[in-house]
Structure formats: C-alpha cells, structure tokens
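**Student:** Got a structure for you, questions after.
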Amino acid sequence: MVKPKVYVTRIIPEAGLRLIREFSEIKVWEEPLPPPREVILEAAEDADGIVSLLTDRIDAQLLDACPSLRVVSNMAVGFDNINLIDASERGVLAGNTPGVLTETTADFAFALLMAAARRIVEGADYVRTGQWKTWGPLLLLGSDVHHATLGLVGLGRIGAEVAKRASGFDMRVMYYDVVRRTDLETTLGLEYAPLEIVLANADFVSVHTPLVPETHHLMNRERFEQMKPSAILINTSRGPVVDTDALVEALRAGEIRAAALDVTDPEPLPADHPLVDMPNCLVVPHIASASDATRSKMAEIAAENLIAGLKGEPLPCGLNNEVVGKGRNSLPRDW
Numbered sequence: 001m002v003k004p005k006v007y008v009t010r011i012i013p014e015a016g017l018r019l020i021r022e023f024s025e026i027k028v029w030e031e032p033l034p035p036p037r038e039v040i041l042e043a044a045e046d047a048d049g050i051v052s053l054l055t056d057r058i059d060a061q062l063l064d065a066c067p068s069l070r071v072v073s074n075m076a077v078g079f080d081n082i083n084l085i086d087a088s089e090r091g092v093l094a095g096n097t098p099g100v101l102t103e104t105t106a107d108f109a110f111a112l113l114m115a116a117a118r119r120i121v122e123g124a125d126y127v128r129t130g131q132w133k134t135w136g137p138l139l140l141l142g143s144d145v146h147h148a149t150l151g152l153v154g155l156g157r158i159g160a161e162v163a164k165r166a167s168g169f170d171m172r173v174m175y176y177d178v179v180r181r182t183d184l185e186t187t188l189g190l191e192y193a194p195l196e197i198v199l200a201n202a203d204f205v206s207v208h209t210p211l212v213p214e215t216h217h218l219m220n221r222e223r224f225e226q227m228k229p230s231a232i233l234i235n236t237s238r239g240p241v242v243d244t245d246a247l248v249e250a251l252r253a254g255e256i257r258a259a260a261l262d263v264t265d266p267e268p269l270p271a272d273h274p275l276v277d278m279p280n281c282l283v284v285p286h287i288a289s290a291s292d293a294t295r296s297k298m299a300e301i302a303a304e305n306l307i308a309g310l311k312g313e314p315l316p317c318g319l320n321n322e323v324v325g326k327g328r329n330s331l332p333r334d335w
C-alpha cells in the first residue's frame with residue numbers, strides 16, 4: 001500500500017512520531033539545530049505533509065517547491081512562520097497546537113516573574129562564582145510579589161491563567177486587550193484599563209499578545225517611559241512584540257528595573273548581545289512550554305492535524321479549514 005510522504009523538520013516527542021509512522025512514510029531532520037532553508041526545500045520537495053516548527057518559514061517559495069504538499073502542521077500555538085494566504089491560495093491546510101500549553105506557559109510566566117522579582121538567578125550565580133562570604137542586610141534586595149500590581153498586556157487563555165496564579169499572591173491584576181473581557185473581570189476580579197494606564201500602575205508587566213502587525217514593537221520606547229522605574233517586564237509571547245533596542249536602553253537608563261524574557265528578537269540572541277550580560281535581564285531559550293507532558297501532547301496534536309489533512313478532512317486544530325476540498329486538497333489520493 002502506498003503511504004503519503006511526510007517531512008518532519010526536527011525530532012519531536014515519540015507520541016507524535018509514532019502516529020505519523022503508522023500512517024505515512026516519514027523523513028525526520030535529526031540535527032539539534034533547525035534545517036537550513038535549502039535542506040527543507042530539497043527534503044520536502046515530494047512531501048505530502050510537513051510537520052513544522054516556528055523556526056521554519058512556510059511561504060510561497062516553499063509551497064511552490066513542494067507541489068505535492070497538502071498540509072502543514074505547526075507544532076506550536078503561534079503560526080507567524082506560516083503565510084496562511086499563500087497556503088490557502090494553493091489549497092494547503094495548516095494547523096497549530098493551541099490550548100495544550102496554556103497552563104504550562106502560565107506557570108513559566110509566573111516563574112519568570114518570581115525569579116526576576118526576587119533575583120533568584122543572580123543569587124545562584126553569586127554563590128556559584130564564590131562571592132558569598134556572609135549574610136548581609138542589603139544583599140540582593142528584590143521586589144515583593146504579594147500585594148503588588150500585575151499588568152497583563154493581552155488577556156487570551158495564557159493571560160487569564162497568569163491572572164489566576166496572581167490571585168494566590170493577593171495581587172491586584174489590571175489588563176489591556178483589544179477585546180474587553182467583562183466575563184473574566186467578574187470571575188477573576190480583573191480591572192480593565194487603557195494600555196498606558198495599565199503600564200503606569202503595574203509593578204509587573206506580563207506580555208501575552210500574538211504577533212501580528214499591530215503588536216510588532218508594541219512594547220517600545222514610549223511604553224517603557226510609561227512604566228514605573230521599579231517595574232519588571234515579563235515576555236512569554238513573541239520576541240518582536242518587544243522593541244529589543246528600546247528595552248536595552250530602558251534597562252541601562254533605569255527606566256524599568258528588570259526584564260525576564262522567554263522569547264527575544266532576534267531569536268536566539270547572539271552570545272555577545274547586551275541583554276545576555278545585563279544583571280537585570282533574565283533570558284531563557286524559549287522554554288515556556290517545555291514540560292514532558294505538554295510537549296508530548298503538542299506532538300500528538302500536530303500528528304493528528306497532519307493525518308487529518310492527508311485524509312482530506314478538516315484539521316482538529318485547523319487555521320484554514322475552509323480550503324478542505326479545494327486546490328491541492330481536492331486532488332486524488334493514492335493512500
């Protein structure tokens with residue numbers, strides 16, 4: 001029996017690979033770094049499906065270089081690496097893995113908040129480098145989290161879960177979103193305000209917006225000037241939502257106290273980037289969803305999306321299911 005051909009751009013958890021192997025002929029890029037563009041174009045030229053990550057650009061060039069391609073399954077919630085217009089025009093289905101990482105990412109966002117507030121990484125480095133000689137009343141003083149004000153920039157699923165965690169610390173939670181959520185204001189005790197008001201009042205600003213043209217560099221020089229000098233920025237959304245150069249200047253000038261970043265622009269940051277060595281900036285390598293259970297479930301959903309698309313069915317987590325039965329998706333299947 002002929003099986004569809006699938007290219008997976010990185011090793012993913014076995015929960016997903018197992019499902020894909022059972023249904024298709026699979027080819028996997030097994031190196032730790034993302035495959036170069038030319039490698040993807042060659043390796044996927046006869047693929048019927050691709051499992052992609054945020055590092056893989058899915059655009060007209062790739063879609064035209066892979067004429068058999070019917071479905072692209074992104075193992076991520078975000079999908080700014082996929083040009084949905086290009087995919088839909090060709091009848092190529094696309095999907096993502098929403099929902100499953102919501103609580104895990106919210107846990108991590110709050111962990112970054114705590115780590116930056118209480119200078120935990122600085123403290124560990126202080127001990128590791130042999131600087132700890134005695135207890136001191138002024139040693140590594142940080143910011144209290146309890147009873148502080150948390151400002152959420154974006155109130156999607158992850159933002160709402162962060163708000164729930166803040167309630168355990170008796171925090172006042174303010175938020176800004178393009179869509180006001182009066183239901184969550186009631187159930188979670190949130191306060192809605194314009195962005196500049198949220199920033200002016202928040203001790204911690206946690207960013208939870210998708211990356212779209214309107215949110216590119218949403219957190220810029222003007223926004224940092226609106227924040228308290230004692231405020232801490234947390235970003236677990238997308239790197240380009242924050243203007244990196246403006247953040248460097250704000251941290252150096254003391255316009256804000258600190259930042260904790262799971263995502264950056266560029267990503268990864270070069271080893272000699274100013275943010276890497278700043279004591280008031282904590283940078284981690286985009287690991288907010290990196291728990292065993294969550295990554296396995298993401299891989300499983302990505303596989304289910306892929307298989308549905310190869311069958312010509314709507315994807316369980318589809319981004320453009322309206323193209324089912326159109327364009328390439330309407331072509332006969334040999335499997």
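Numbering-wise (my numbering), the sequence shown opens with residue 1 and increments by one. The beta-carbon is built from N, C-alpha and C at its ideal position, and this holds for glycine as well. These numbers come from a predicted model, not from an experiment.
#1: What residues are listed by DSSP as bridge partners for Met174?
#2: Would a C-beta distance cut-off of 8 Å place Ala202 and Leu150 closer than the cut-off?
#3: Assuming contact is defined by CB atoms lying nearer than 8 Å, are Ser237 and Val207 in contact in what I supplied?
#4: Hey, out of Thr97, Val39, Val8, whose CA is closest to Gly318's CA?
#5: Using the beta-carbon count (16 or more within 10 Å), is Arg257 buried or exposed?
#6: Within the continuous alpha helix (DSSP H) that includes Phe204, where are the two ends?
#7: State buried or exposed for Leu101, treating a residue as buried only when at least 16 other CB atoms are found within 10 Å of its CB.
#8: Sorted by chain position, which residues of the same chain lie with C-beta nearer than 8 Å to Ala115's C-beta, five sequence neighbours on each side aside?
#9: Could you tell me whether the Cβ atoms of Trp29 and Arg10 are closer together than 8 Å?
#10: Within 10 angstroms of the Cβ of Gly325, are there 16 or more other Cβ atoms? Answer buried if so, exposed if not.
#11: Quick one: complete alpha helix (DSSP H) runs, 4+ long, within the segment 264-304?
#12: DSSP three-state label for Met114, please.
#13: Under the rule that 16 or more other beta-carbon atoms within 10 Å means buried, what is Gly95, buried or exposed?
#14: Under 8 Å between the Cβ atoms of Asp334 and Val2?
#15: Determine the DSSP secondary structure at Ile11, reduced to helix, strand or coil.
#16: With three or more C-beta pairs closer than 8 Å as the rule, is the segment 163-173 touching the segment 122-138?
#17: According to the Cβ coordinates, are Gly49 and Ser88 closer than 8 Å?
#18: Taking contact to mean 3 or more Cβ pairs, one atom from each stretch, closer than 8 Å, check whether the segment 238-255 and the segment 130-139 are in contact.
#19: In terms of residues, what are the limits of the beta strand (DSSP E) holding Leu233?
#20: Please name the residue in Gln61, Leu54, Pro32 whose C-alpha comes closest to that of Ala44.
#21: Let me check understanding here. Comparing Cα to Cα, which of Gly168, Glu161, Glu196, Leu199 lies closest to Leu184?
#22: Using only the alpha-carbon positions, how far apart do Leu275 and Arg328 sit?
#23: With 16 other CB atoms within 10 Å as the buried threshold, where does Leu139 fall?
#24: Assuming His217 and Asp243 form a contact by the criterion Cβ under 8 Å, report the distance between their Cβ atoms to the nearest whole angstrom.
#25: Check Ala44 in the structure and name its three-state DSSP category.
#26: From what residue to what residue does the alpha helix (DSSP H) around Ser68 run?
#27: Distance, Cα to Cα, Ser289 vs Thr104?
#28: What residue from Pro213, Arg295, Leu54 has the CA that sits closest to Pro268's CA?
#29: Give me the Cβ distance between Glu300 and Leu19, rounded to the nearest whole Å; I'm assuming they're in contact under 8 Å.
#30: Could you round the C-beta distance between Val51 and Ile82 to whole angstroms and report it? I think they count as a contact, below 8 Å.
#31: How about Ala65 and Leu93: do their beta carbons lie closer than 8 Å?
#32: Mind checking whether the beta-carbon of Ala60 lies closer than 7 Å to any heavy atom of the ligand SAM?
#33: Determine the DSSP secondary structure at Ser73, reduced to helix, strand or coil.
#34: Tell me which residues share the same chain as Phe23 and place their Cβ nearer than 6 Å to its Cβ, disregarding the 5 neighbours each side in the sequence.
#35: For Ile234 versus Leu112, is the C-beta spacing smaller than 8 Å?
**Tutor:** If we stick to the structure as given:
#1: Here the question's residue 174 lines up with position 174 in the sequence shown. For Met174, which the question treats as bridged, DSSP gives the partners Gly151, Glu191.
#2: Along the sequence shown, read from residue 1 onward, the residue named residue 202 stands at position 202. Along the sequence shown, read from residue 1 onward, the residue named residue 150 stands at position 150. Their beta carbons are under 8 Å apart, which means Ala202 touches Leu150 by this criterion.
#3: Counted from its first residue, the sequence shown places residue 237 at position 237. Counted from its first residue, the sequence shown places residue 207 at position 207. Yes, the Cβ-Cβ distance between Ser237 and Val207 is below 8 Å.
#4: For this step, residue 318 is matched to residue 318 along the sequence shown. The shortest Cα separation from Gly318 among Thr97, Val39, Val8 belongs to Thr97.
#5: Walking along the sequence shown from the start, residue 257 turns up at place 257. So Arg257 counts as buried.
#6: For the purposes of this step, residue 204 is taken as the residue at position 204 of the sequence shown. That residue, Phe204, is in no alpha helix (DSSP H); its beta strand (DSSP E) goes 204-207.
#7: Here residue 101 refers to the residue found at position 101 when the sequence shown is read from its first residue. Under a 10 Å Cβ-count criterion, Leu101 is classified as buried, with 16 or more other Cβ atoms of the shown protein chains found around its own Cβ.
#8: Position 115 of the sequence shown, counted from the start, is the residue given in the question as residue 115. So the qualifying residues of the chain are Val121, Ala260, Leu282.
#9: Translated into positions along the sequence shown, residue 29 becomes position 29. Translated into positions along the sequence shown, residue 10 becomes position 10. Yes; because the gap between Cβ atoms is below 8 Å, this pair is in contact.
#10: The residue given as residue 325 occupies position 325 in the sequence shown. By the 10 Å Cβ count, Gly325 comes out exposed.
#11: 274-277
#12: To locate residue 114, count along the sequence shown from 1; it is residue 114. Helix.
#13: Here residue 95 refers to the residue found at position 95 when the sequence shown is read from its first residue. It is buried - the Cβ of Gly95 has at least 16 other Cβ atoms within 10 Å.
#14: Here residue 334 refers to the residue found at position 334 when the sequence shown is read from its first residue. Here residue 2 refers to the residue found at position 2 when the sequence shown is read from its first residue. In this structure, Val2 lies closer than 8 Å to Asp334 by Cβ.
#15: Here residue 11 refers to the residue found at position 11 of the sequence shown. Coil at Ile11, not helix or strand.
#16: no
#17: Within the sequence shown, the letter at position 49 stands for residue 49. Within the sequence shown, the letter at position 88 stands for residue 88. Cβ distance not < 8 Å, so Gly49 and Ser88 don't count as in contact.
#18: no
#19: Taking the sequence shown and counting its residues from 1, the one referred to as residue 233 is at position 233. In the DSSP annotation of this structure, the continuous segment of the beta strand (DSSP E) that includes Leu233 starts and ends at 232-235.
#20: On the sequence shown, position 44 is the one that residue 44 refers to. Among Gln61, Leu54, Pro32, the Cα nearest to that of Ala44 is on Gln61.
#21: On the sequence shown, residue 184 is found 184 positions in, with the first residue counted as 1. With distances taken between Cα atoms, Leu184 lies closest to Glu161.
#22: Working through the sequence shown from its first residue, we reach residue 275 at position 275. Working through the sequence shown from its first residue, we reach residue 328 at position 328. One C-alpha to the other measures close to 45 Å.
#23: Residue mapping note: residue 139 aligns to position 139 of the sequence shown, counting from 1. By the 10 Å Cβ count, Leu139 comes out exposed.
#24: As a first step, residue 217 is located in the sequence shown; it is residue number 217 there, counting from the start. As a first step, residue 243 is located in the sequence shown; it is residue number 243 there, counting from the start. Rounded, the Cβ-Cβ distance is 4 Å, consistent with contact.
#25: To locate residue 44, count along the sequence shown from 1; it is residue 44. Three-state result, Ala44: coil.
#26: Reading the sequence shown from its first residue, position 68 is the one you call residue 68. Per DSSP, Ser68 belongs to no alpha helix (DSSP H) and is neither H nor E.
#27: Residue numbering aside, residue 289 sits at position 289 when the sequence shown is read from its first letter. Residue numbering aside, residue 104 sits at position 104 when the sequence shown is read from its first letter. Going from the Cα of Ser289 to the Cα of Thr104 covers about 6 Å.
#28: Looking up residue 268 in the sequence shown gives position 268. Among Pro213, Arg295, Leu54, the Cα nearest to that of Pro268 is on Leu54.
#29: On the sequence shown, residue 300 is found 300 positions in, with the first residue counted as 1. On the sequence shown, residue 19 is found 19 positions in, with the first residue counted as 1. That belief holds up - the Cβ atoms of Glu300 and Leu19 are roughly 7 Å apart, short of 8 Å.
#30: What you label residue 51 is simply residue 51 of the sequence shown in a count that begins at 1. What you label residue 82 is simply residue 82 of the sequence shown in a count that begins at 1. Contact flag wrong, Cβ pair sits at about 12 Å.
#31: Working through the sequence shown from its first residue, we reach residue 65 at position 65. Working through the sequence shown from its first residue, we reach residue 93 at position 93. Not closer than 8 Å, so no.
#32: With respect to the ligand SAM, the structure offers nothing, as it holds no ligand at all.
#33: As a position in the sequence shown, residue 73 is number 73, starting the count at 1. Here DSSP, grouped into helix, strand and coil, assigns Ser73 to strand.
#34: Taking the sequence shown and counting its residues from 1, the one referred to as residue 23 is at position 23. Hits under 6 Å: Ile307.
#35: For the purposes of this step, residue 234 is identified with residue 234 of the sequence shown, where counting begins at 1. For the purposes of this step, residue 112 is identified with residue 112 of the sequence shown, where counting begins at 1. Yes, Cβ-Cβ distance for Ile234 and Leu112 is below 8 Å.
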